[in-house]
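Under the numbering used here, the first residue of the sequence shown is numbered -18, with each subsequent residue one higher.
Just so it is clear, CB atoms sit at the ideal spot from N, CA and C, and this is done for glycine as well.
The block underneath contains the structure these notes are about, expressed in structure tokens.
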Amino acid sequence: MLRLRPYKCEDADIIISWSKDERAFYQWSAGVMGGYPLTKEMFQFVDSLMAFTAFDENGIVGFFTLRNPGGVLDVLLIGFVIVDPSQRGTGKGKEMLKLGLKYAFDVYSAKKVSLGVFENNEPAYYCYKAVGFKEVILEETETYEVLGEEWKCREMIIER
-18 MLRLRPYKCE DADIIISWSK DERAFYQWSA GVMGGYPLTK EMFQFVDSLM AFTAFDENGI
42 VGFFTLRNPG GVLDVLLIGF VIVDPSQRGT GKGKEMLKLG LKYAFDVYSA KKVSLGVFEN
102 NEPAYYCYKA VGFKEVILEE TETYEVLGEE WKCREMIIER
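Written out as structure tokens, the structure is:
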């Protein structure tokens, strides 16, 4: 059974070890913590966020953060979502996100939860859709310059 707990700095080594591929690293981090490869010092960025570790009886399975960019808890933003590569495709990501949403809605009393996902990260996009997130159509698509390419970001939202 998957459960959540607050992130502990001891989790960093395991989570960082999942970033073996530069492209995949940028897909979940958008380079916000810095460039590839990710270091423990760079990962300390998450200490300032509401960070969560997902785990089961076999150990750590995933990680994500919540933050409140507007300073209020009505709308929370999920970010830095990563699942152990050996666990991808098993439903653990969906299960982790459902637990995160339950926490956001029931503990923080959020009315909405949003996230951004790059268009080139289809597995994550379909995972978010399966959990209930809906794509938001924006007047202007947010883009990032990553690895010499322009990556478009989709905004998705789910309401209580």
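Item	Value
At least 3 beta-carbon pairs within less than 8 Å: the segment 96 to 113 vs the segment 70 to 83	yes
Chain-order list of residues whose beta-carbon lies under 6 Å from that of M23 (same chain, five-residue window excluded)	M14, G15
For S90, the three-state DSSP class (helix, strand or coil)	coil
DSSP three-state assignment for M14, whether helix, strand or coil	coil
Span of the beta strand (DSSP E) around V56	56 to 64
Contact belief for V56 with F45 at Cβ below 8 Å, rounded distance in angstroms	About 16 Å; that fails the 8 Å criterion.
Terminal residues of the beta strand (DSSP E) in which F36 lies	31 to 37
Own chain partners of V127 with C-beta closer than 6 Å, once the 5 adjacent residues on each side are dropped	Y7
Burial state of L119, where buried means 16 or more other Cβ atoms lie within 10 Å	exposed
Which listed residue (A105, A5, L19, I139) has its alpha carbon closest to that of A(-7)	L19
Cβ pair K73, L(-15) closer than 8 Å	no
Assigned secondary structure, G97 (DSSP; H/G/I helix, E/B strand, else coil)	strand
Pick from T124, E130, C134 that is closest to V117, judged by C-alpha positions	C134
Where the alpha helix (DSSP H) through I(-4) begins and ends	-7 to -2
Contacting residues, own chain, Cβ-Cβ under 7 Å from R4 (five flanking each side not counted)	L128
Residue range of the unbroken beta strand (DSSP E) whose run includes Y125	123 to 127
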